[in-house]
Amino acid sequence: MPAPERIPSRGLTEAGLRTLLAEGELTVLGQVRGASNAVLHCTVAYEGEERTCVYKPVAGEQPLWDFPDGTLARREVAAYEISEATGWGLVPPTVLRDGPYGEGMCQLWIEAEQAADASAPDAVHGLPPLLALVEGEEPGEGWKAVGFAEVGAGRTALLVHADDPRLRRLAVLDAVINNADRKGGHLLPAPGGRLYGINHGVTFNADGKLRTLLWGWAGEPLPAEAVTVLERLSADLEPGRALATRLAELITQRELEALRGRVEELRASGRHPQPSGEWPAIPWPPV
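Letter by letter, the sequence shown follows residues 1080 to 1366 of the working numbering.
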């Protein structure tokens, strides 16, 4: 499946959206409830253009014992930089900027399509699109098995995700950035066939932390497009290159070296990673 066309939002290019997010006036509309850190729903206006966005101030972050260095906001921006370097455009435009509550990340708000996937076998209501819980031990055509989950009353069901090239790209991105929290609710199918991933604050740890719902391809050979992307990333992450210089402003040197190591490990194996067995492989709650 070819990469989806990068369609500018209402006439703004990707660079224009970044400028809007970075330079525009932020107006807080309210707080997004249910998040463990401060997530503010805002509008941002600049030179006659206005968009809806998310602003996550560093001041609203809760300390994490296993992510003692850096900030969630800077790691979110670093994830966007890697996404852009792949050419897949899997993370909404994201910048680091000052706002009403100090430094934070500002990300374009994505209105996700919430329609249930009619092809999901025995889909359970309440799951995001591209995920399903099914009876039996096999995922069915067009789906990949993740594992069994408790569904109440002593019953279990098989959790599956769609065998979708967009999800597969996201699985590769998560392996590169060492995403410790790829939940179903972080997948946003958008109009025009685009798929975005959000909430990348717990990424880039120097230690292996990969926790995800996208294990369906574990151990399988990487697709050719992923191999090409990893080759390009390897070159772009060399010291002195623009991407490496930008990332050095966002994550620690140890994290940057670990990032380079993960890219080389993926290139050497040529396969999707598998759960290590050293920690829970699926985030909780999974959705």
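All C-beta atoms in this analysis are idealised placements derived from N, C-alpha and C, irrespective of residue type, glycine included.
A quick note: this is a predicted structure, and the numbers were derived from the prediction, not measured.
Classify residue i as buried or exposed, calling it buried when 16 or more other Cβ atoms lie within 10 Å of its own Cβ.
i       : result
Pro1087 : Bear in mind that the predicted position of Pro1087 carries a pLDDT of just 41, short of 50, making it too unreliable to give a figure here.
Val1170 : buried
Gly1113 : exposed
Val1156 : buried
Pro1136 : buried
Pro1359 : exposed
Gly1092 : What sits at residue 1092 in the sequence shown is Thr, not Gly. Counting Cβ neighbours within 10 Å, Thr1092 comes out exposed, since fewer than 16 surround it.
Ala1305 : buried
Thr1324 : exposed
Gly1381 : Outside the displayed span of the chain (1080 to 1366) sits residue 1381, for which this structure offers no information.
Gly1109 : exposed
Gly1231 : exposed
Val1308 : buried
Val1174 : buried
Ala1314 : exposed
Pro1081 : A caution first: Pro1081 carries a pLDDT of 43, below 50, which makes its placement in the model too unreliable to give a value.
Pro1218 : buried
Pop quiz: residue i and residue j are said to be a contact at Cβ under 8 angstroms. What is the actual Cβ separation, rounded to whole angstroms?
i       : j       : result
Pro1268 : Glu1163 : No, Pro1268 and Glu1163 are not in contact; Cβ-Cβ is about 20 angstroms, not under 8 angstroms.
Val1281 : Ala1250 : Contact doesn't hold; Cβ gap of about 17 angstroms is too wide.
Leu1187 : Cys1121 : Actually they are not in contact, since the Cβ atoms of Leu1187 and Cys1121 sit about 11 angstroms apart, beyond 8 angstroms.
Tyr1125 : Gly1103 : 3 angstroms
Ala1228 : Thr1235 : 6 angstroms
Leu1096 : Pro1172 : 4 angstroms
Gly1178 : Asp1242 : Not a contact, Cβ separation roughly 40 angstroms.
Tell me residue i's beta-bridge partners as DSSP assigns them.
i       : result
Gly1219 : Paired residue(s): none; Gly1219 is not in a bridge.
Ala1232 : None; Ala1232 has no bridge partner.
Ala1241 : Trp1222
Leu1210 : His1240
Arg1350 : Pro1300
State yes or no: is the C-beta of residue i within less than 8 angstroms of the C-beta of residue j?
i       : j       : result
His1351 : Ala1297 : yes
Leu1335 : Leu1345 : no
His1279 : Ala1138 : no
Ala1254 : Arg1341 : yes
Val1213 : Leu1246 : no
Asn1257 : Phe1146 : no
Cys1185 : Val1107 : no
Pro1300 : Gly1349 : yes
Val1361 : Leu1292 : Going by the sequence as given, residue 1361 is Ile instead of Val. Cβ distance < 8 angstroms, so Ile1361 and Leu1292 count as in contact.
If you measure from the beta carbon of residue i to each beta carbon in chain D, is any gap under 8 angstroms?
i       : result
Leu1151 : Of the protein chains in the structure, only one exists, and it is not chain D.
Minimum length 4: unbroken alpha helix (DSSP H) runs contained in the segment 1256-1335 = 1303-1315 and 1321-1327
In chain order, which beta strand (DSSP E) runs of at least 3 residues are fully inside the segment 1100-1186?
-> 1104-1110, 1119-1125, 1128-1136 and 1173-1178
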